[in-house]
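Enquirer: There's a structure below that I have some questions on.
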Amino acid sequence: MVNNLNNKKLLLILALLLLTPLVHGQEAVPPSSIGQNQSMNANADPKAQTHPQLHPQPQRQFLNQAQAQPARRQEEPPLNPVPVKFEGIVVQADPLAVKSVNGDVQTFIPSRQEASAELRAAWPNPGDLVLLTYVPRARGHALTDIEIVGKTIVGTIKEIAEDDSWIVVRTQLPEKREYEVNIPLQTGADFKPLVSAMRQGDGIRATYVLEGGINSSDETAQVKINHVRSLEWQSEPVGRAARWASLLIAIFVLFILAYIFTRGHPTYLYLGRDNRYSSSKFQTFLWFWLVISAYIAIVSHRITAAGWSYVGGVDIPPHLLILSGISVLTFAGAKAITTGKVDEKPDLKPPASKPRAIDLICDDNNKPDLGDFQMVAITILTVIIYAISAVEFMENIEFRRVVTMPDVDATLLSIFGLGQAAYLGKKAAGEQ
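Under mature numbering (1 follows the signal peptide of the UniProt record, and there is no 0), residues -25 to -1, 1 to 407 are what the sequence shown spells out, in order.
In C-alpha cells:
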C-alpha cells in the first residue's frame, strides 16, 4: 500500500511539473499589452480576480506583431541625405555607369537629358576618370556634382622597362595622328605582377591623372601623366550564344573536311584493319577534333575583336599538352600491339562483316570489355568538360599578343592517364 501511494504521489508530481510550463506559457502577456492588462486588473472585481480565466495568447501575440510591422516600417529612418563621393572609370555615358578600381559598378541618375545644365556641361565620356558626388535616394544615386579628374589612354605597348617601372604606349588621339606616351608606374598601386605578364604589341587601357588638371591649357599637358590609377588589357566581351556557335561551326567545318577527304566516309578515320571501330583511334580522333575546333574558335574571336594583327599567338598549356600526348601514345601503342599479334597469328582476329558502334567497347572476341569501356567513357567525359571550359574561356577576349588555351585540371589528367594505361596494359597482356 505504501509503495502504491508513493508511486501515485510521484506520478502526480511529474504531471504537475509537465503542466506547469504549459500553464505559464498560456498566461504569458506580450510586452506591448502589459500596461493595458495592469489597468484592467486594477478595475476588475476582486472576486473575479480570485478565479482568473486562462485565454490562449499565441494568436493574440501574433496579431500584435503583425499590426506592429507597418508602424515599425514607418519608424525606419530615411536614407542618408549626406552627399557621398565615388571615384571610378566611366563605362557607360547615358545612363551614367561608373566602375571603381575594385571593379564595383554603380549606376547614377538622372539621365543626361534630365540632368541640370550644370551637370550636362560636365558630363563625362566613356573612359574618363571621374569623381562623383551623389545623394542616396530610394530610386537610385542622385548626382549633385561631376568632376573629371583623369583620362584613359588606349593603345598598344611599344616598350616595357626592365624593372617594369614604366611602359611606352603607342596610341592615337583626335588632336594628333599618332604618338607615343611614356606611362610611369611608380604609384601606390603595384602594377609589376600585371606588367610582367604584358608583352610588346599588347593592347592596353591605362587610366591616369594629369598634372595641372584635366582641363589644363598647356598643349603638352596631355603627355604629363601624374600617376596611373588603373591598368588593364583591352578586351571585348562575347555572348554565350556566339561562343557556342563559333565552337560548333569549327566542329562542323572539320567534319566537312573529313567528309571530303574520306570521300563521304569520315568514320574510316577510326576504323581498324579488321573492319571494326578502333577504341584507340576513336579517342584520338575525338580529342583532337575538339582541341583543334577550340583553337579555331578562339583565333576567330581574336581576329573579330582585335583585328588580323592578333591572328595566332595561342599557346597550349602544360596539362593539355600532356593529355594530348597520352592520347597519341595510346593510339600508337595500341596499333603496335595489334600489328604484332596479327603478324604472329593472322587468324587471331578475323575481319568483321561490317563495323558497329558497340565495337568501341568490345574486345577482340566481340565481348564487352571493361578496359575499352572505361577508356571511351573517360574520353567522352574529358571532351565534354573541355568544351565547356573552352566556351567559358572565350567570354572576354583580351588584346594580348600571346594567350594560353584553357588547361585541364590535374585530377582529370590523372584519370585520363590511368584509363589509357589500363587499356594498353590489358591489350598487351591479351584477352582473358
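Built from N, CA and C at the ideal position, the CB exists for glycine as well.
In the DSSP assignment, what are the bridge partners of Pro212?
Expert: Beta-bridge pairing by DSSP links Pro212 to Asn371.
Enquirer: Which residues does DSSP pair with Arg145 in a beta bridge?
Expert: Thr131 and Glu155
Enquirer: Distance check for Thr108 and Phe391, CA to CA, integer angstroms please.
Expert: 56 Å
Enquirer: Please say whether Ile128 and Val144 have beta carbons closer to each other than 7 Å?
Expert: For Val144 and Ile128, yes; Cβs fall inside 7 Å.
Enquirer: Put Pro168 into one of helix, strand or coil per three-state DSSP.
Expert: helix
Enquirer: Please report the straight-line C-alpha distance between Tyr398 and Ala225, rounded to a whole angstrom.
Expert: 30 Å
Enquirer: Assign Ala92 to buried or exposed, taking buried as 16 or more other Cβ atoms, counted over all protein chains shown, within 10 Å of its Cβ.
Expert: exposed
Enquirer: Using CA coordinates, which residue listed in Thr237, Met369, Pro293 and Ser299 is at the minimum distance from Thr357?
Expert: Ser299
Enquirer: Please return the same chain residues whose Cβ sits closer than 7 Å to the Cβ of Leu106, not counting the five positions on each side in sequence.
Expert: Lys60, Glu62, Glu122 and Val124
Enquirer: Assuming residue 437 is part of the alpha helix (DSSP H), what are its boundary residues?
Expert: As displayed, the chain neither begins before -25 nor continues past 407, which places residue 437 out of reach and without an answer.
Enquirer: In or out: Gly282 buried (at least 16 other Cβ within 10 Å) or exposed?
Expert: exposed
Enquirer: The beta strand (DSSP E) with Arg112 in it runs from where to where?
Expert: Leu104 to Arg112
Enquirer: Would Leu335 pass as a contact of Ser254 if the rule is Cβ separation under 7 Å?
Expert: yes
Enquirer: Identify the residues that DSSP records as bridge partners of Glu122: which are they?
Expert: Leu106
Enquirer: Hey, how far is the Cα of Ala404 from the Cα of Gly315?
Expert: 13 Å
Enquirer: Just the C-alpha distance for Ala332 and Ile235, rounded to the nearest angstrom, thanks.
Expert: 22 Å
Enquirer: In terms of DSSP beta bridges, what is Gln161 paired with?
Expert: Under DSSP, Gln161 takes part in no beta bridge, so it has no partner.
Enquirer: Pick from Val213, Trp98, Arg375 and Tyr154: whose alpha carbon is nearest that of Met173?
Expert: Arg375
Enquirer: Taking buried to mean at least 16 other C-beta atoms within 10 Å of its own C-beta, is His240 buried or exposed?
Expert: exposed
Enquirer: For Thr379, write down the residues that DSSP places opposite it in a beta bridge.
Expert: Asp290
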